[in-house]
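At position 185 of the sequence shown the residue is numbered 185 (the UniProt record's numbering), and the sequence of numbers has no breaks.
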Amino acid sequence: MANINLLPWRETLKHERETRFFIILGISLAIAGLVVLGVHLYMEGEIDYQNSRNSYITSEIDIVKKQIEEIKELEAKKAVLIERMNVIQQLEASRPLSVRLMDEMVLRVPEGVYFTNMTQKQDNLTIEGVAQSDARVSSLMRQLDSSPYLASPMVEFIENKDEKVVAGAQQARTPANATTKRTISSFKLTLKQETPKEEDPLMNSPDKPAQSSK
1 MANINLLPWR ETLKHERETR FFIILGISLA IAGLVVLGVH LYMEGEIDYQ
51 NSRNSYITSE IDIVKKQIEE IKELEAKKAV LIERMNVIQQ LEASRPLSVR
101 LMDEMVLRVP EGVYFTNMTQ KQDNLTIEGV AQSDARVSSL MRQLDSSPYL
151 ASPMVEFIEN KDEKVVAGAQ QARTPANATT KRTISSFKLT LKQETPKEED
201 PLMNSPDKPA QSSK
């Protein structure tokens, strides 16, 4: 005798299919949610890591900027110190030359010429003075030009003027306290100071006595 299934098998099959669908859908949504959560956590971690690196780089940049400023300050101080040392060395080197220059002035000034003012700016000299005549000024120019420590003497001006002189009682044929006139030459000249290539050994050692030749 044949068995006859009287249950609603179509409804049962439909219900099973729906159940499997919702199970698969739930699993898919759960997996998708986990993936999204994982990606979100990963991105947050990357963002936090990048922010920490940015903060570190910013702090290092600030440190480097401070170091650069300190280096600039040290370089500025170094430049000032080097400049001062150069000035001191120049002064030390020019000291004996200044002494020789004064000696040259004393030796080269002819009789009847007097200096009233002398200024020096680096190697440039300006001399003002008076002389008994223009010829004395010309003689002074020749003497200065022949000096190994002086060069390029140039006269800026020569002015002749009369000067009153009180005659002494010792002067013959002139009453005591009588005034006479004489002409003097007021002058101003410029020249340059230079160091000779080959200096006199006696000038290099002025305190050393000269040896007599046998």
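Just so it is clear, CB atoms sit at the ideal spot from N, CA and C, and this is done for glycine as well.
The criterion of a C-beta distance shorter than 8 angstroms is satisfied by Pro148 and Pro196.
DSSP places Pro196 outside both helix and strand once states are collapsed to three, so it counts as coil. The three-state secondary structure of Gln50, taken from DSSP, is helix. Secondary structure at Gln120: strand, using DSSP grouped into helix, strand and coil. In this structure, the alpha-carbon of Asp123 lies about 59 angstroms from that of Ser55.
Closest in alpha carbon position to Gln120, among Asp134, Pro110, Met102 and Ile82, is Met102. Contact annotation, Arg136 with Val113: C-beta distance approximately 5 angstroms; criterion of less than 8 angstroms satisfied. When the five nearest sequence neighbours on each side are left out, the beta carbons in the same chain lying within less than 6 angstroms of the beta carbon of Met118 are those of Ile127, in order along the chain. The continuous alpha helix (DSSP H) containing Gln143 extends over residues Asp134 to Asp145.
Distances from the alpha-carbon of Glu156 to those of Asp162, Gln132 and Leu191 put Leu191 closest. A residue is called buried once 16 or more other Cβ atoms fall within 10 Å of its Cβ, and Phe187 is buried on that count. Taking each of Asp162, Leu189, Ala76 and Glu194 in turn and checking the Cα distance to Thr180, the smallest one comes out for Asp162.
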